[in-house]
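In our numbering, the protein residues as written are -6 to 165.
Below is one structure; the comments refer to it alone.
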């Protein structure tokens, strides 16, 4: 291990010998954000057993990711023009609301909401995504009420429809 060398010397490498593809992978999956949260959790709480605390932290992250994927599946299963879509929005909200936001408040956390909105907007162009997320953003520690969640989902459906229409008009 003492003889570690820079893995690559070609143009794909950036600063510390990490392949650019690796850096993009880490950024795309928000690994830096997750690690920052995990370390902040350890420093703030100073648990007796930090390893088990990290294990439970990453387990909760995995469960949250599964809930977000399930909510996306529910929301994309029906067109927003159909009457059943309103019910699907409620089901998606319920799927995400298993997290306790504070001692007395249950609902969708701002972090789960942000993750859902970012995943829904992945097909938008960067300027559209940035503008849209700025309009519907909330803090990670906030509780998102159903009305706000519903509003954001219907706004997403409108923007998504307009983007599809613009693509069809641009590329006949």
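Idealized CB from N, CA, C, for every residue including glycine.
Within 10 angstroms of the Cβ of residue i, are there 16 or more other Cβ atoms? Answer buried if so, exposed if not.
| i | result |
| --- | --- |
| residue 82 | buried |
| residue 86 | buried |
| residue 144 | exposed |
| residue 155 | exposed |
| residue 69 | exposed |
| residue 114 | buried |
| residue 49 | exposed |
| residue 136 | buried |
| residue 107 | buried |
| residue 162 | exposed |
| residue 18 | exposed |
| residue 14 | exposed |
In the DSSP assignment, find the alpha helix (DSSP H) that holds residue i and state where it starts and stops.
| i | result |
| --- | --- |
| residue 120 | 119 to 129 |
What three-state label does DSSP hand residue i in the structure shown?
| i | result |
| --- | --- |
| residue 137 | strand |
| residue 39 | coil |
| residue 74 | coil |
| residue 19 | helix |
| residue 68 | helix |
| residue 132 | coil |
| residue 148 | helix |
Whose C-beta lies closer than 8 Å to the C-beta of residue i among residues of the same chain, with five residues either side of it excluded?
| i | result |
| --- | --- |
| residue 53 | none |
| residue 31 | 47, 50 and 51 |
Please list, in chain order, all residues of the same chain as residue i whose beta carbon is under 6 Å from its beta carbon, the five residues on each side excluded.
| i | result |
| --- | --- |
| residue 4 | For residue 4, the predicted model reports a pLDDT of 47, less than 50, meaning its position is unreliable; a value from the coordinates is still stated below. Within the same chain, residue 4 has no close Cβ partners at all. |
| residue 158 | none |
Apart from the five residues just before and just after residue i, which ones in its own chain have a Cβ nearer than 7 Å to its Cβ?
| i | result |
| --- | --- |
| residue 116 | none |
| residue 129 | 110, 145 and 148 |
| residue 84 | 67 |
| residue 78 | 71 and 72 |
| residue 132 | 103 |
Between residue i and chain B, is any beta-carbon pair separated by less than 8 Å?
| i | result |
| --- | --- |
| residue 18 | No chain B appears in the structure shown, which is made up of a single protein chain. |
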